[in-house]
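Accompanying notes for the structure given below.
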Amino acid sequence: MDRFEQELKDALKREPAPEWLADAVMARLGAERQKKQKPEWFGWARLRWVAASMALVAVVGGVRFEQQREERIRGEQAKQELMAAFQVTGMKLRQAEERVLPVIHRGQE
Amino acid sequence: MAEVMASAGWRTAAREDAGFAEIVREHQSMVYSIAWHFFRNRALAEEISQDVFLALFRNLDGIQSPDHLEAWLRRSTSNRCIDAWRKKGYKEEIALEGMPEPSGGLKMGDPILRETLRKLVASLPETQRMVMILKYTEDMDPDEIAGILNMPVRTVWSHLRRGVGMLREKLGRVMES
């Protein structure tokens, strides 16, 4: 190695890195780890929320369906009772008519 | 660092924050110097250095020994510098920063001469520049440089001969001016 090359070696000797470089690397490493963990955590959390929401919708829907079914049954019963009442009333009216009409006819004669 | 590397379970220790921070501190000067002499730009040298150490952490499983780790860092730093230079085109930035100012009466051993030499090295083509840095900063043999830069040994010799010749010529012109 001649004098020029020795000069080149001295010129290109190692430079001290900034004091904070190791801390910066560790900070970026920590941030990278968090970044990796976050989507997974968010994924599970989101899945739990979706499952809970679906269960809630199913329960509310089921309750509502059951209420509507009971209302329908009650309505049908009321309708049938009303029809039965009309039939009874009609029958009573016919019986009353059958009794009253002969009396009216006899009176006219 | 010596403790981390001397222990048989150095890789396990390296995966711990404290152990890895020790490895960074031990090798940061080497990694940073290669990037600094290559780019002559502190921000870029810091960024490349951080990227290299993060990549090292991700590749710890592939590192077989402390010697391998050092060689891996040199290879990774050299290749990242050259790739970044080619991809992002830092040429103009360096061209503005790195042009030696004419200064007469320079003598060997002069700090200004050394600074001029550093700037002249930074003005070399990227592969030749990295060969010069690995040779004169890292004191590596042409065989080792050829392995790191994945090129034939005779190409390394050629880069060294031409690089030194170019620097002598340029420096001669600067010293005469």
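Protein chains in written order, with this note's numbering: chain A, 564 to 672; chain R, 46 to 222.
Note that the Cβ used here is the ideal one computed from N, Cα and C, for glycine as well.
As the structure is a prediction and not an experimental result, all values here were calculated from the model.
Separation of residue 77 of chain R and residue 100 of chain R (C-alpha to C-alpha, rounded to the nearest whole angstrom) is 15 Å. For residue 617 of chain A, no chain R residue has a C-beta closer than 9 Å to its own C-beta; the minimum C-beta separation is roughly 38 Å. The continuous alpha helix (DSSP H) containing residue 164 of chain R extends over residues 156–167.
By the beta-carbon neighbour count (other beta carbons within 10 angstroms, threshold 16), residue 617 of chain A is exposed.
Of the candidates A:635, A:631 and A:588, the residue whose Cα lies closest to the Cα of residue 102 of chain R is A:588. Here the alpha carbon of residue 201 of chain R sits roughly 15 Å from the alpha carbon of residue 124 of chain R.
Contact between residue 187 of chain R and residue 169 of chain R fails: their C-beta atoms lie close to 17 Å from each other, not under 8 Å. Straight through space, the alpha carbons of residue 157 of chain R and residue 63 of chain R are spaced by roughly 40 Å. Counted as a single uninterrupted DSSP element, the alpha helix (DSSP H) harbouring residue 220 of chain R occupies residues 198–221. Taking C-beta separations shorter than 7 Å and ignoring five residues to either side along the sequence, the partners of residue 97 of chain R in its chain run 76, 118, 121, 122 and 125, following chain order. Of all residues in the region 104–119 of chain R, none places a beta-carbon less than 8 Å from a beta-carbon of chain A.
Residue-level contact check: residue 577 of chain A touches chain R, since one or more beta carbons of chain R fall below 7 Å from its beta carbon. Within chain A, the residues placing a beta-carbon under 7 Å from that of residue 102 of chain R are 592, ordered along the chain. Using a 10 angstroms sphere on the CB of residue 580 of chain A, the tally of other CB atoms reaches 16 or more, which defines it as buried.
In this structure, the beta-carbon distance from residue 74 of chain R to residue 577 of chain A falls below 7 Å. Straight through space, the alpha carbons of residue 159 of chain R and residue 600 of chain A are spaced by roughly 48 Å. Distance check between residue 180 of chain R and each of A:572, A:651 and A:567 places A:572 closest, using alpha-carbon atoms only.
Annotation: Cβ neighbours of residue 572 of chain A in chain R (cutoff 7 Å, chain order): 181.
Comparing C-alpha distances from residue 214 of chain R to each of R:133, R:104 and R:166 shows the shortest one belongs to R:166.
For the pair residue 190 of chain R and residue 175 of chain R, the Cα-to-Cα distance works out to about 9 Å.
Look at residue 188 of chain R here: in three-state DSSP terms it is helix.
Straight across, the Cα-Cα distance linking residue 220 of chain R with residue 94 of chain R is about 34 Å.
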